[in-house]
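Using the numbering used here, the letters of the sequence shown correspond one by one to residues 184 to 662.
Glycine residues also receive a C-beta, built at the ideal position from the N, C-alpha and C atoms.
Since the model is a prediction, treat every value here as computed from it, not as a measurement.
What follows is a short report on a single structure.
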Amino acid sequence: GRNAFFDFLKQVYLVTSRWAGDLVENAEGLDEHTRQKANFYVKQVSNAISPSNFILTNPELFRETIASNGENLVRGMKMLAEDITAGKGDLKLRQADDSRFEVGKNIAVSPGKVVGRSDVAEIIQYDAATDTVLKRPLLICPPWINKFYILDLNPDKSFIRWAVEQGHTVFVVSWVNPDKRHGTKDWEAYIREGLQYALDTIEASTGEREVNVIGYCVGGTLLAAGLSLMAQEGDDRIRSATLFTTQVDFTYAGDLKVFVDEDQVAAVERSMTEKGYLDGTKMATAFNMLRSGDLIWPYVVNNYMRGKDPLPFDLLYWNADSTRMAAANHSFYLRNCYLDNTLSQGKMEIAGHRLSLADIKIPVYNLSTKEDHIAPARSVFVGCQYFGGPVEFVMAGSGHIAGVVNPPALKKYQYWTDGKPVGDFDEWVAGATETAGSWWPHWQKWIEAMDDRRVKARKPGKGVKVLGDAPGSYVRVRV
């Protein structure tokens, strides 16, 4: 019967995929990077040729197409044409129903004010939710790849709102979505006009010099570089650093490494030179390819073969709200971090200084996530050894996003702690203490152990000019 046929196809597909994977794994004479690349692209092909992606080999899709006389395909082709138009010739894959979300209306709604604006960043100060607040303000330096509101998707999932409720005066760097005017803005510009500009704004608004700072992903890598630069320049305003899924050493830098070698970086640089930036869709596609079985093919089938609109899902709306990369900054990042790994080796040069992570003597809370494919936990762990002060290494359950954005109320996942992050990563994990639920309260205790003094709640706009309501204007620019 037909079921036996479809089952046979599935078995053939699984056996063939495994065979192709083993072929790469056991090939002789391949260097590690070539093997990783080959492995990655074999996986891409395997995901692409899955029987579930074709009408004749997906029984459900086959029945649907017959029953609707191919209406689903007509609708799907119309959606495909719309998505190619939206991507200006590239396919901009629809992962969520865009019409259901609006930044500032039902996503990124924590109340606050824009209290600073530079060429590369807006600084947002959030309204207090407690009568007294911690004396030290909290600055969040998010990645500029995608947007900061991953930390403020909705009131129930918002790390920003939760931090405000714990008594933090929260400031956030909202990066510009760059265009050709920002082409020459480099890594140093993002430190000066993003991170340090935020510290100046915080001091003007609160009168406080001492600040706790969180850096997320590439925002954490920038924070680490900024801290070593500031240490050499005698700027000691940051009193603790929290790194979310941040790499400072790129030896084990995960799946993104497949896109980075001299030829590929040179090609990206050539395309950026003409425009002054890297297109947001290019970046989004690279990230989606890392999990094409989850983030590409199910949507190809749903949208273009079934002709159905994707569901309204805030996380996937955020995932598709991609950002461009300023040419000079992106080139510096690819070369210095992924290609040459200069930061941990004491070879990164900024403003005439050779940076050393050993100069960072302040306490560091270094959060990794167990299933992270962008900043693998092993990679984050290896980075710990380069800091010059005490490091609290924590590994949370789940991955790069869900492991970080895990509110305590959900009672999901777990986290592991175990004192000093030294020696072998696997040994550390084997000996670590597992605690159920969110790591957020553990972090809060760590912060308060350093300084739990409280002062009267602060209002945005004291000492600085209010430029508008949160979430500001930079975050609304879409590509």
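Straight through space, the alpha carbons of Gln430 and Gly566 are spaced by roughly 7 angstroms. DSSP places Asn255 outside any beta strand (DSSP E); the residue lies instead in the alpha helix (DSSP H), whose first and last residues are Glu254 to Ala269.
In this structure, DSSP gives Val401 a helical state, which the three-state scheme calls helix.
Annotation for Val353: no alpha helix (DSSP H) segment contains it, though the beta strand (DSSP E) segment containing it runs Val353 to Trp358.
Contact annotation: Thr600 and Val563 have beta-carbon atoms that are not nearer than 8 angstroms. Exposure of Val198 is indicated by the presence of fewer than 16 other C-beta atoms within 10 angstroms of its C-beta.
A contact is defined here as three or more CB-CB pairs under 8 angstroms, and the stretch 248–256 fails this definition with respect to the stretch 457–474. Taking Gln219 as the centre and dropping the five residues before and after it, the same chain places the C-beta of Lys440 and Val441 closer than 7 angstroms to its C-beta, in chain order. When only Cα atoms are considered, Val396 and Leu322 end up about 5 angstroms apart.
Taking Ala304 as the centre and dropping the five residues before and after it, the same chain places the C-beta of Val356, Trp358 and Gly377 closer than 6 angstroms to its C-beta, in chain order.
Collapsing the DSSP output to three states places Asp432 in coil. Burial check for Val347: the Cβ neighbour count within 10 Å reaches 16 or more, so the residue is buried. Non-local beta-carbon contacts of Pro361 in its own chain, meaning distances under 6 angstroms to residues more than five positions away in sequence, involve Tyr460, Arg507 and Ala509 in chain order. Contact between the stretch 546–559 and the stretch 578–588 is established, with three or more Cβ pairs separated by less than 8 angstroms.
In the three-state DSSP reduction, Gly295 falls in the strand class (E or B). Ala304 sits in a strand when the DSSP states are folded into three classes. In the DSSP annotation of this structure, the continuous segment of the beta strand (DSSP E) that includes Ser551 starts and ends at Val547 to Thr552. DSSP places Phe427 in the strand class (E or B) of the three-state scheme. Using a C-beta cut-off of 8 angstroms, the stretch 512–531 makes no contact with the stretch 289–301, since fewer than three inter-stretch Cβ pairs fall below that distance.
Under the three-state reduction of DSSP output, Val577 falls in the strand class.
If you ignore the 5 residues before and after Lys363, its C-beta comes within less than 7 angstroms of the C-beta of Lys458, Gly459 and Tyr460, all in its own chain and listed in chain order. By the Cβ criterion, the stretch 325–339 is not in contact with the stretch 365–372, since fewer than three pairs of Cβ atoms, one from each stretch, lie closer than 8 angstroms. Contact between Pro643 and Asp273 fails: their C-beta atoms lie close to 39 angstroms from each other, not under 8 angstroms. Sixteen is the threshold: when 16 or more other Cβ atoms of the shown chains lie within 10 Å of the Cβ of Met455, as they do, the residue is buried. For a cut-off of 8 angstroms, the C-beta gap from Gly409 to Pro559 is around 23 angstroms, too long to register as a contact.
Of all C-beta pairs linking the stretch 314–328 to the stretch 384–403, three or more are shorter than 8 angstroms, placing the two stretches in contact. Per DSSP, the beta-bridge partners of Leu461 are Met508.
Per the coordinates, the alpha-carbon of Gly646 lies some 53 angstroms from the alpha-carbon of Lys261.
Counting along the chain, the unbroken beta strand (DSSP E) around Tyr598 starts and ends at Gln597 to Thr600. Here Arg537 is bridged, per DSSP, to Glu532. For Pro234, the CB contacts under 8 angstroms within the same chain, skipping 5 residues up- and downstream, are Phe189, Leu192, Lys193, Tyr196, Thr240 and Asn241 in chain order. Taking C-beta atoms as the reference points, Asp542 and Ser423 fail to come closer than 8 angstroms.
Beta-bridge pairing by DSSP links Tyr309 to Gly295. Boundaries of the alpha helix (DSSP H) harbouring Val347: Phe342 to Glu348, taken from the DSSP string. Cα atoms of Ala503 and Arg201: separation of roughly 31 angstroms, rounded to the nearest angstrom.
Using a Cβ distance threshold of 8 angstroms, Ala640 and Thr315 count as a contacting pair.
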